[in-house]
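Notes for the one structure printed next.
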């Protein structure tokens, strides 16, 4: 019986190292999903299919059940077409199975929009969906003609399934067709997080709890997705031949695994020191007082291991809504030296500040508030970084809301 939830892909684990740390990992441990990916399926069930499908299957064939109006299906359409072209020289390919409820005009538009050249069967009777046990779109099943006389009876052998099929899983299909996982890691070629996640299950779950995982969303919130100077640090591989192209439909939107570890990670034979990549985006203009040591704890690859599903959902929601703590924005500790000291290097900025209401912050505060630190905190600059002072003498009441109120202590 064919199960509908990645039956042979993500559940197997391998333990080859000594006792793991509390997060579930220790140096030398093989990624938990690796065995299922590398070894593949042990037994291949034989399933009867309608003749119209069996006649299209001559070698390894990916059957993709889809709806032409389904947004998830449209998101992977170009990827599936490209996969079909890569598989054809191997005597393999893709066959689309359109849902029975699809309108002919919608199906025609889908094929035209995405330049589909692989065969598409309109499953008007629902027989193909029943044979595939498909209940959602897109769903994909890799099949071959059944051995012996089974092929004559319209039976197909199931080699693997991807229910649902996600962006970036073309590499997993290609690995099955080629019979060698490592052949899909070509130098300089980006594959996307979903490919990485097939083996690196815990790492992917933990990445989903980082700001990197909502990088594109933050641009959307600020309506800045068309600002070229911003996009490069919110996607993966921008400007590279196989990197991010445009929009959110690519699996390379957001700052994914390969943004730090390079295309294909080290599996293409080219290892990148991830720590050298950070400062390309986390520079002085965008990340105040950034250091690799400060940033690494926010990227704990096994942070999700000790969390319940509810806790993960809660943290993910906080990220999406913009309510998650932003540790990297915390100022370093140190004394505030006053805006006048900033003038030596930032004369233009100082003059702009001096003409602003910030420079005269205390003037706008009612007299009765001058003795209340809860009021003064918004009209003057604290003498040191950290929590707001609890006494008025902890503020520089003559300097107004100075440079260091926003940019951190000048001592550092």
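Numbering (our numbering), first residue to last: 16 to 427.
Note that CB positions come from ideal geometry on N, CA and C, so glycine has one too.
Alpha helix (DSSP H) segment containing residue i, residue limits
{"i": "residue 52", "result": "49 to 54"}
{"i": "residue 276", "result": "272 to 276"}
{"i": "residue 160", "result": "No alpha helix (DSSP H) holds residue 160; the beta strand (DSSP E) holding it covers 154 to 160."}
{"i": "residue 86", "result": "86 to 102"}
{"i": "residue 256", "result": "From DSSP, residue 256 is part of no alpha helix (DSSP H); its letter is neither H nor E."}
{"i": "residue 388", "result": "388 to 391"}
{"i": "residue 62", "result": "Residue 62 -> not in any alpha helix (DSSP H); beta strand (DSSP E) instead, spanning 61 to 63."}
Cβ distance (whole Å) where residue i is taken to contact residue j below 8 Å
{"i": "residue 190", "j": "residue 199", "result": "5 Å"}
{"i": "residue 182", "j": "residue 266", "result": "4 Å"}
{"i": "residue 202", "j": "residue 285", "result": "6 Å"}
Proximity winner among the options, relative to residue i (alpha-carbon distances)
{"i": "residue 62", "options": "174, 126, 138 and 140", "result": "174"}
{"i": "residue 152", "options": "324, 144 and 248", "result": "144"}
{"i": "residue 90", "options": "72, 128 and 108", "result": "128"}
{"i": "residue 84", "options": "52, 249 and 122", "result": "122"}
{"i": "residue 99", "options": "119, 88 and 78", "result": "78"}
{"i": "residue 154", "options": "193, 208, 131 and 95", "result": "95"}
{"i": "residue 424", "options": "408, 409, 406 and 396", "result": "396"}
{"i": "residue 377", "options": "267, 394 and 291", "result": "394"}
{"i": "residue 275", "options": "228, 168 and 80", "result": "228"}
{"i": "residue 146", "options": "64, 183, 239 and 169", "result": "64"}
{"i": "residue 186", "options": "97, 219, 80 and 340", "result": "97"}
{"i": "residue 287", "options": "297, 301, 272 and 296", "result": "272"}
{"i": "residue 420", "options": "80, 399 and 74", "result": "399"}
{"i": "residue 326", "options": "113, 341 and 220", "result": "220"}
{"i": "residue 141", "options": "115, 159 and 314", "result": "115"}
{"i": "residue 172", "options": "158, 180 and 163", "result": "158"}
{"i": "residue 344", "options": "297, 311, 322 and 302", "result": "302"}
Beta-carbon proximity check, residue i vs residue j, cutoff 8 Å
{"i": "residue 224", "j": "residue 148", "result": "no"}
{"i": "residue 269", "j": "residue 230", "result": "yes"}
{"i": "residue 388", "j": "residue 404", "result": "yes"}
{"i": "residue 246", "j": "residue 253", "result": "yes"}
{"i": "residue 132", "j": "residue 110", "result": "no"}
{"i": "residue 304", "j": "residue 347", "result": "yes"}
{"i": "residue 414", "j": "residue 353", "result": "yes"}
{"i": "residue 102", "j": "residue 250", "result": "no"}
{"i": "residue 338", "j": "residue 278", "result": "no"}
{"i": "residue 368", "j": "residue 374", "result": "yes"}
{"i": "residue 169", "j": "residue 46", "result": "no"}
{"i": "residue 215", "j": "residue 48", "result": "yes"}
Where the beta strand (DSSP E) through residue i begins and ends
{"i": "residue 137", "result": "135 to 137"}
{"i": "residue 79", "result": "76 to 81"}
{"i": "residue 179", "result": "It is not in any beta strand (DSSP E) - residue 179 carries neither H nor E in the DSSP assignment."}
Residue i - DSSP class collapsed to helix/strand/coil
{"i": "residue 410", "result": "strand"}
{"i": "residue 174", "result": "strand"}
{"i": "residue 108", "result": "strand"}
{"i": "residue 34", "result": "Because the pLDDT at residue 34 is just 49, under 50, the model does not fix this residue reliably, and the point stays unresolved."}
{"i": "residue 128", "result": "helix"}
{"i": "residue 23", "result": "Per-residue confidence for residue 23 stands at a pLDDT of 33, beneath the threshold of 50, marking its modelled position as unreliable; the derived number appears in the next sentence. The answer is coil: DSSP assigns residue 23 none of H, G, I, E or B."}
{"i": "residue 28", "result": "A caution first: residue 28 carries a pLDDT of 33, below 50, which makes its placement in the model unreliable, though a value can still be read off. Coil, per DSSP."}
{"i": "residue 418", "result": "helix"}
{"i": "residue 188", "result": "helix"}
{"i": "residue 17", "result": "Interpretation of residue 17 is limited by its pLDDT of 38, a score under 50 that renders its predicted location unreliable; no figure is taken from the coordinates."}
{"i": "residue 396", "result": "strand"}
{"i": "residue 402", "result": "coil"}
{"i": "residue 306", "result": "coil"}
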